[in-house]
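Colleague: This structure is in structure tokens; I'll ask about it shortly.
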């Protein structure tokens, strides 16, 4: 089977690996986003999919768009039986969708119709979902609106971050895609229309969504920290008494603690609990194992107290107080 692959980041590279391991498949072309500047030096970095494709000797195409006759010919000249799309990042015009013999299959990291859109993994964790999954979808012109071919569920564990779920879904997606490809030619691949009345949308993440607001329930704080790992990362602020500026503190996932025994301002540091920094939320304490002050290395909770909070002896320490901090971010 002649296959065109369209994808860009690590998630897509894992799916491509699965296709390359399928004996009945022949990847005749790989489409990926152009190289982008990355890091402090702004050095051009190729997408993970491009790196894998070149290592396997596959032809790589990096168009800025797929609109127009010239770009359509890039696809049709390869005479594909099917195109597989996974986290590509470009809109496919109708002419491209219709070009392969069996159309285009998409690997989407949610159980559609829930979490259509750009950030399904993070939004599912942010919403406190206990499960997510993979959908293999027959693409149409809408945003993740095509017919469902196959689905598989993945349980989201209490401590699972977006990074963990990302890697598990990528591997699951590659394996499920191969099962779908095996059923294309025999004509046994299901196509079930989505119920759009049940659709939800997973908007692209914004950097500012990583800020933690301690006036939320502790479980909501836990979900946000997990959802924002590794990007954009969860953070809070602390302004020491007499300091001109607040210190930004990057946060790692921790645990939901016990209910508060007395009312205190949200963000109040309650001390150490099992060597973790206990911070007051709306209902319970949240236990942080480590913090990373801006420009410094990450440190465990005890080291943070000894290195920073010991200077505030006798004073209440409240996290989240910074110029420009607003109300809780909508999820």
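Numbering (the UniProt record's numbering), first residue to last: 1 to 331. Just so it is clear, CB atoms sit at the ideal spot from N, CA and C, and this is done for glycine as well.
1) Assuming residue 213 and residue 319 make a contact with CB atoms under 8 Å, what is their CB distance in whole Å?
2) So, residue 113 versus residue 202, is the Cβ gap smaller than 8 Å?
3) In whole angstroms, what separates the C-alpha of residue 254 from that of residue 288?
4) How is the alpha helix (DSSP H) around residue 304 delimited, first residue to last?
5) What residue range does the beta strand (DSSP E) around residue 174 cover?
6) List the whole-angstrom C-beta distance separating residue 49 from residue 8, where the pair is believed to meet the contact cut-off of C-beta under 8 Å.
7) Below 7 Å CB to CB, which residues in the same chain sit around residue 251 once its five sequence neighbours on both sides are set aside?
8) Between which two residues does the alpha helix (DSSP H) carrying residue 26 extend?
9) Name, in chain order, the residues that DSSP records as bridge partners for residue 253.
10) Nearest CA to the CA of residue 152: which residue from 111, 189 and 191?
11) Quick check: the Cα distance between residue 331 and residue 301, rounded to an integer number of angstroms?
12) At which residues does the beta strand (DSSP E) containing residue 106 begin and terminate?
13) Would you call residue 188 buried or exposed, if buried means 16 or more other Cβ atoms sit within 10 Å of its Cβ?
14) Does DSSP put residue 36 in a helix, in a strand, or in coil?
15) Considering residue 276, what are the terminal residues of the beta strand (DSSP E) in which it resides?
16) By Cβ distance, which residues of its chain are closer than 7 Å to residue 71, with the 5 residues on each side in sequence left out?
17) If the criterion is Cβ atoms closer than 8 Å, does the pair residue 107 and residue 15 meet it?
18) Roughly how many angstroms lie between the CA atoms of residue 46 and residue 310, to the nearest whole one?
19) Across which residues does DSSP place residue 293 in a beta bridge pair?
20) Residues in its own chain within less than 6 Å of residue 173 by CB, not counting five upstream and five downstream?
21) Can you tell me where the alpha helix (DSSP H) with residue 51 in it begins and where it stops?
22) Do the region 116-130 and the region 95-103 meet, that is, are 3 or more Cβ pairs less than 8 Å apart?
23) Whole angstroms is fine: what's the gap from residue 183's alpha carbon to residue 20's?
24) Pull the bridge partners of residue 235 from the DSSP assignment, please.
25) Below 8 Å on the Cβ atoms is my contact criterion, and I expect residue 315 with residue 284 to pass it. Report the Cβ-Cβ distance as a whole number of Å.
26) In angstroms with no decimal places, state the Cα-to-Cα distance between residue 215 and residue 170.
27) Tell me the residue span of the alpha helix (DSSP H) that contains residue 64.
Modeller: The structure says:
1) Position 213 of the chain shown holds residue 213. Position 319 of the chain shown holds residue 319. Between residue 319 and residue 213 the Cβ distance is about 10 Å, and since that is not below 8 Å, they are no contact.
2) The residue given as residue 113 occupies position 113 in the chain shown. The residue given as residue 202 occupies position 202 in the chain shown. Not a contact, by the Cβ cut-off of 8 Å.
3) On the chain shown, position 254 is the one that residue 254 refers to. On the chain shown, position 288 is the one that residue 288 refers to. Approximately 5 Å between the Cα atoms of the pair.
4) By 1-based counting over the chain shown, the position of residue 304 is 304. Segment 301-307, the alpha helix (DSSP H) holding residue 304.
5) Along the chain shown, one-based indexing puts residue 174 at 174. Premise fails: residue 174 lies in the alpha helix (DSSP H), 162-182, not in any beta strand (DSSP E).
6) Here the question's residue 49 lines up with position 49 in the chain shown. Here the question's residue 8 lines up with position 8 in the chain shown. The pair is a contact, with the Cβ atoms about 6 Å apart (cut-off 8 Å).
7) Translated into positions along the chain shown, residue 251 becomes position 251. 212, 225, 234, 235, 236, 288 and 291, listed in sequence order.
8) Working through the chain shown from its first residue, we reach residue 26 at position 26. It is not in any alpha helix (DSSP H) - residue 26 instead sits in the beta strand (DSSP E) that spans 26-31.
9) To locate residue 253, count along the chain shown from 1; it is residue 253. Per DSSP, none; premise fails for residue 253.
10) In the chain shown, counting from the first residue as 1, residue 152 sits at position 152. Here the closest residue by C-alpha is 111.
11) As a working mapping, residue 331 is identified with position 331 in the chain shown. As a working mapping, residue 301 is identified with position 301 in the chain shown. Note on residue 331: pLDDT 44, under 50, position unreliable in the model; the coordinate value appears next. Distance between the alpha carbons of residue 331 and residue 301 is about 28 Å.
12) On the chain shown, position 106 is the one that residue 106 refers to. 104-108 is the span of the beta strand (DSSP E), which, as asked, contains residue 106.
13) Residue numbering aside, residue 188 sits at position 188 when the chain shown is read from its first letter. Result: exposed.
14) The residue given as residue 36 occupies position 36 in the chain shown. The answer is strand: DSSP assigns residue 36 an E or B state.
15) Sequence index remark: in the chain shown, residue 276 carries index 276 (1-based). Its beta strand (DSSP E) spans residues 276-280.
16) As a working note, residue 71 is residue 71 in the chain shown. Taken in chain order, the residues that qualify are 63 and 65.
17) The count along the chain shown starts at 1 and reaches residue 107 at position 107. The count along the chain shown starts at 1 and reaches residue 15 at position 15. Result yes, Cβ atoms of residue 107 and residue 15 sit closer than 8 Å.
18) Along the chain shown, read from residue 1 onward, the residue named residue 46 stands at position 46. Along the chain shown, read from residue 1 onward, the residue named residue 310 stands at position 310. So the alpha carbons of these two residues sit roughly 46 Å apart.
19) Within the chain shown, numbered from 1, the residue matching residue 293 stands at position 293. According to DSSP, residue 293 bridges with 249.
20) Here residue 173 refers to the residue found at position 173 when the chain shown is read from its first residue. Counting only Cβ-Cβ distances below 6 Å, and skipping sequence neighbours, we find 15, 107 and 134.
21) Position 51 of the chain shown, counted from the first residue, corresponds to residue 51. Taken as a continuous stretch (DSSP letters only), the alpha helix (DSSP H) holding residue 51 covers 48-55.
22) no
23) Locating residue 183 in the chain shown gives position 183, where the first residue counts as 1. Locating residue 20 in the chain shown gives position 20, where the first residue counts as 1. Cα to Cα, the separation comes out at about 17 Å.
24) Indexing the chain shown from 1 puts residue 235 at position 235. The partner list for residue 235 (beta bridge, DSSP) reads 211 and 250.
25) Position 315 of the chain shown, counted from the first residue, corresponds to residue 315. Position 284 of the chain shown, counted from the first residue, corresponds to residue 284. Actually they do not touch by this definition, with Cβ atoms about 23 Å apart.
26) Sequence index remark: in the chain shown, residue 215 carries index 215 (1-based). Sequence index remark: in the chain shown, residue 170 carries index 170 (1-based). The alpha-carbon atoms of residue 215 and residue 170 are separated by roughly 35 Å.
27) By one-based count along the chain shown, residue 64 stands at place 64. Neither: residue 64 is in no alpha helix (DSSP H) and is coded neither H nor E.
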